[in-house]
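Colleague:
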Amino acid sequence: MDGKISETLDMELWNSLQDNFSESIETVVYTVDRKGEEISSSKEFPFFCQVIKSKDKGLSSCRSCRLKFMERLEKEGRKLILYYCHAGLLNIIAPIKVKGEQVGAVICGAILKERIDQAVFDSLSREIGIESEELLENISTIPATKEEKIKEYSRILSLLSTTLPELVHQKKMSERRIEELNILHKVAQSVSHVTELSKTLEKVKENIRKIIYIEDCSVIIFSSDKAKKEKTGYDKIEEIIEKEILSSKKIVKVDSLQDDPRFRNKGISYLPHSLIAIPLIINSNMMGCVIFYLYPTNKTKKDDLNFLWVLSDQISMAVLNSQNLEKIKNKAITDKLTGLYNREFFMNILEMEMIRSVRLRNPLSITLMDIDDFKHYNDTHGHIRGDSLLKDIAKIIKDETRESDVVGRYGGEEFIIISLDTNSNVAFDMIEKIRKKIEENSFFGKEDQPLKTITISAGLITCMDRSISAVELIKEADKSLYTAKAEGKNRVKSTVIVDKDLYPVDVQRANDFNRQKSQG
Numbered sequence: 278m279d280g281k282i283s284e285t286l287d288m289e290l291w292n293s294l295q296d297n298f299s300e301s302i303e304t305v306v307y308t309v310d311r312k313g314e315e316i317s318s319s320k321e322f323p324f325f326c327q328v329i330k331s332k333d334k335g336l337s338s339c340r341s342c343r344l345k346f347m348e349r350l351e352k353e354g355r356k357l358i359l360y361y362c363h364a365g366l367l368n369i370i371a372p373i374k375v376k377g378e379q380v381g382a383v384i385c386g387a388i389l390k391e392r393i394d395q396a397v398f399d400s401l402s403r404e405i406g407i408e409s410e411e412l413l414e415n416i417s418t419i420p421a422t423k424e425e426k427i428k429e430y431s432r433i434l435s436l437l438s439t440t441l442p443e444l445v446h447q448k449k450m451s452e453r454r455i456e457e458l459n460i461l462h463k464v465a466q467s468v469s470h471v472t473e474l475s476k477t478l479e480k481v482k483e484n485i486r487k488i489i490y491i492e493d494c495s496v497i498i499f500s501s502d503k504a505k506k507e508k509t510g511y512d513k514i515e516e517i518i519e520k521e522i523l524s525s526k527k528i529v530k531v532d533s534l535q536d537d538p539r540f541r542n543k544g545i546s547y548l549p550h551s552l553i554a555i556p557l558i559i560n561s562n563m564m565g566c567v568i569f570y571l572y573p574t575n576k577t578k579k580d581d582l583n584f585l586w587v588l589s590d591q592i593s594m595a596v597l598n599s600q601n602l603e604k605i606k607n608k609a610i611t612d613k614l615t616g617l618y619n620r621e622f623f624m625n626i627l628e629m630e631m632i633r634s635v636r637l638r639n640p641l642s643i644t645l646m647d648i649d650d651f652k653h654y655n656d657t658h659g660h661i662r663g664d665s666l667l668k669d670i671a672k673i674i675k676d677e678t679r680e681s682d683v684v685g686r687y688g689g690e691e692f693i694i695i696s697l698d699t700n701s702n703v704a705f706d707m708i709e710k711i712r713k714k715i716e717e718n719s720f721f722g723k724e725d726q727p728l729k730t731i732t733i734s735a736g737l738i739t740c741m742d743r744s745i746s747a748v749e750l751i752k753e754a755d756k757s758l759y760t761a762k763a764e765g766k767n768r769v770k771s772t773v774i775v776d777k778d779l780y781p782v783d784v785q786r787a788n789d790f791n792r793q794k795s796q797g
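The following block contains the structure:
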């Protein structure tokens, strides 16, 4: 390797990642080669810097300054150095290494931490031949940066400079690593632009499965509240892992959960094959962990761990950016079996959407649906087939709903849907389409069911009342579901709540009445 950065890295991919990081911190980030020459820059330098670099002596001083600290990085083996340049601005420099060789550096620059002394302007003025008054006027356009932000910049720059150069190394990059890089790019984009943690995590899960054969992944946010609720299933696994990772503050890797005594006799109904838990660290504080559950065929290598570590850092950023952090402490957001939102997280979303619905004065429809005679199916074909049926029906529901709809598993064989800004007729047509698709599907063992096929019953509620609560709305949906069951199953019962002090309006009966009235 000759050490030339342009021949060592795929610069198109590197620049794309650099742009992404620069956008997320809203500060100039640029790459230099071993000679201190700028190779690429994300965002324009402040006008103050442009004025200095417009002079040959100013440009030369900038290069000399970078070279001095690049040499220190290499000589001292440092991962990061914060330094003040000849113009009095703070810079953060990190090495770019490939196969142990420093081929350049990445710099977060032009940071104004504090007021620059007049003596610095006078010295700079003499050096580059620009009046100090002009320099003083131009420096005023750079906003001051707080210490907390500088620490965040340092952490992000460190991430950019450590694992990523190896991933972007074009001569040694395999097809798998290209995919890794694309995934990191997509995840970084979602972290920068998506404020909802759930959407970012879904993006992570969607992309990671392309290269690592994971069964599922969970994010746990450590809470200061010591009280713990009784946990079952994966929650009990996560309780054990949470204690260990809090104690060790290191990666926890379990190669076989079934052979590990920590997970025996804990009342855990299902054990994944293996797992890797990685701490989520923000500003040197461990605030949670991400757990990747693996299939038996997945033999994790060192490269897998490196990639998962980088992803976990992205998840840390997503958690930091999330506006709903307090609502998801110590909880996964999705149901392990179906991949849909779990009940608790779904209820958080419902409460927020009801507030939004009231503010915008838009209707909100809720559908609670239940697989008819599911116990009979389980008793006849066993729990493995029952779980498979739940997953298949969950997929149909997800596929047939709109992107704006929110789908969750309410519990057991019950599913729930929020249809935003949707009146009763539109919501009914969508749920009826789902009902028919399930009824007509060739599920295993459908002929053994009492109705000779697999069916669902659904209770649909459309809310027009601004004062009703999320819990009250669910109760009304449950009543409609009960009515659908009582009337023979395999049907959708739709009602509208105009006022919680009045009886809900039966939509089908109202439509029939209006139809008869218009015909008579």
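The number in this note's numbering is simply the position in the sequence shown, starting from 1, with 277 added. Each residue gets a CB set at the ideal place from its N, CA and C atoms; glycine is no exception.
#1: In terms of residue numbering, what span does the alpha helix (DSSP H) encompassing Ile517 cover?
#2: Would you grab the beta carbon distance between Phe322 and Val305 for me? Rounded to a whole angstrom, and I think it's under 8 Å.
#3: Nearest by alpha-carbon distance to Asn562: which of Ile498, Leu548, Asp532 is it?
#4: Taking the beta carbon of Gln591 as the centre, do at least 16 other beta carbons fall within 10 Å, making it buried, or is it exposed?
#5: Put Phe692 into one of helix, strand or coil per three-state DSSP.
#6: In the DSSP assignment, what are the bridge partners of Asp310?
#7: Return the chain-ordered ranges of every beta strand (DSSP E) run that is complete within the region 282-359 and spans a minimum of 3 residues.
#8: Assign Gln295 to one of two classes, buried (16 or more other C-beta atoms within 10 Å of its C-beta) or exposed (fewer than that).
#9: Which same chain residues end up closer than 6 Å to Ile528 when comparing Cβ atoms and leaving out the 5 residues on each side of it in sequence?
#10: If you follow the beta strand (DSSP E) that Thr561 is in, where does it begin and where does it stop?
#11: Can you tell me where the beta strand (DSSP E) holding Met741 begins and where it ends?
#12: Taking the DSSP output, what are the residues bridged to Pro803?
#13: Determine the direct distance from the alpha carbon of His658 to that of Lys652, and round the result to whole angstroms.
#14: When you compare each of Ala421, Tyr759, Ile745, Ile695 to Leu389 by their alpha carbons, which one comes out closest?
#15: Could you spell out the range, first to last residue, of the beta strand (DSSP E) harbouring Thr730?
#16: Below 8 Å on the Cβ atoms is my guess for Val769 versus Ile708; work out the distance and round it to an integer in Å.
#17: Just tell me which of Asp532, Arg539, Leu534, Ser533 has its CA closest to the CA of Lys520.
#18: Going by DSSP, what residue range makes up the beta strand (DSSP E) through Ile643?
#19: Taking all protein chains shown into account, do 16 or more other C-beta atoms lie within 10 angstroms of the C-beta of Ser297, making it buried, or fewer, making it exposed?
#20: Secondary structure at Gly406, three-state DSSP: helix, strand or coil?
#21: For Tyr572, which three-state DSSP category applies?
#22: Should Leu534 and Leu523 be called a contact, given that it needs their Cβ atoms to be closer than 8 Å?
#23: Could you check whether Ala364 and Ala382 sit closer than 8 Å to each other, using their CB atoms as the reference points?
#24: I'd like the list of long-range same chain contacts for Phe622, defined as Cβ closer than 6 Å, with 5 residues on each side in sequence excluded.
#25: Assuming Ile369 and Cys385 form a contact by the criterion Cβ under 8 Å, report the distance between their Cβ atoms to the nearest whole angstrom.
#26: Taking all protein chains shown into account, do 16 or more other C-beta atoms lie within 10 angstroms of the C-beta of Asn718, making it buried, or fewer, making it exposed?
#27: Using only the alpha-carbon positions, how far apart do Val380 and Met631 sit?
#28: Within a Cβ cutoff of 7 Å, which residues of the same chain sit near Asp649, ignoring the five residues on either side of it in sequence?
#29: Look at Leu557 and Gly565 and say whether their C-beta atoms are less than 8 Å apart.
#30: Opposite Asp493 in the DSSP bridges: which residues?
#31: Which residues share a DSSP beta bridge with Gly565?
#32: Considering Glu774, what are the terminal residues of the beta strand (DSSP E) in which it resides?
#33: Following the continuous beta strand (DSSP E) through Lys426, name the residue where it begins and the one where it ends.
#34: Which residue marks the beginning of the beta strand (DSSP E) containing Lys530, and which one marks its end?
#35: Using a Cβ-Cβ cut-off of 7 Å (strictly less than) and excluding sequence neighbours within five positions of Ile393, which residues of its own chain qualify?
#36: Only counting the same chain, and skipping five residues up and downstream in sequence, which positions put a Cβ closer than 6 Å to that of Lys723?
Modeller: A quick look at the data gives this:
#1: 511-525
#2: 6 Å
#3: Closest by alpha carbon: Ile498.
#4: buried
#5: strand
#6: Paired residue(s): Gly381.
#7: If only complete runs of 3 or more residues are kept, the region 282-359 shows the beta strand (DSSP E) at 306-310, 315-319, in order along the chain.
#8: buried
#9: So the list reads Ile555, once near-sequence residues are dropped.
#10: The identity of residue 561 in the sequence shown is Ser, whereas the question assumes Thr. Looking at the DSSP string, Ser561 is not in any beta strand (DSSP E), and its letter there is neither H nor E.
#11: Element bounds for Met741: n/a, residue is neither H nor E.
#12: Residue 803 lies beyond the stretch modelled for the chain, which goes from 278 to 797, so this question has no answer here.
#13: 10 Å
#14: It is Ala421 whose Cα lies nearest to the Cα of Leu389.
#15: Where Thr730 is concerned, there is no enclosing beta strand (DSSP E), given that its DSSP letter is neither H nor E.
#16: 5 Å
#17: Arg539
#18: 641-648
#19: The amino acid occupying residue 297 in the given sequence is Asn; Ser does not appear at that position. By the 10 Å Cβ count, Asn297 comes out buried.
#20: coil
#21: coil
#22: Not in contact: Leu534 and Leu523 (Cβ atoms no closer than 8 Å).
#23: Going by C-beta atoms, Ala382 is not nearer than 8 Å to Ala364.
#24: Once the five neighbours on either side are set aside, the close Cβ partners of Phe622 are Ile610.
#25: 4 Å
#26: exposed
#27: Near 54 Å, if we compare the C-alpha coordinates of Met631 and Val380.
#28: Leu728, Thr732, Ile733, Ser734, Lys766, Asn767
#29: yes
#30: Tyr570
#31: In the DSSP output, where bridge partners are listed per residue, Gly565 has Ile498, Leu557.
#32: A small correction: the amino acid at residue 774 is Ile; Glu does not occupy that position in the sequence shown. Counting along the chain, the beta strand (DSSP E) containing Ile774 begins and ends at 769-774.
#33: Element bounds for Lys426: not the beta strand (DSSP E) but the alpha helix (DSSP H), 424-438.
#34: 529-531
#35: Excluding sequence positions up to five before and after Ile393, its CB lies within less than 7 Å of the CB of Gly365, Ile416, all in the same chain and listed in chain order.
#36: Result list for Lys723: Thr730, Ile731, in chain order.
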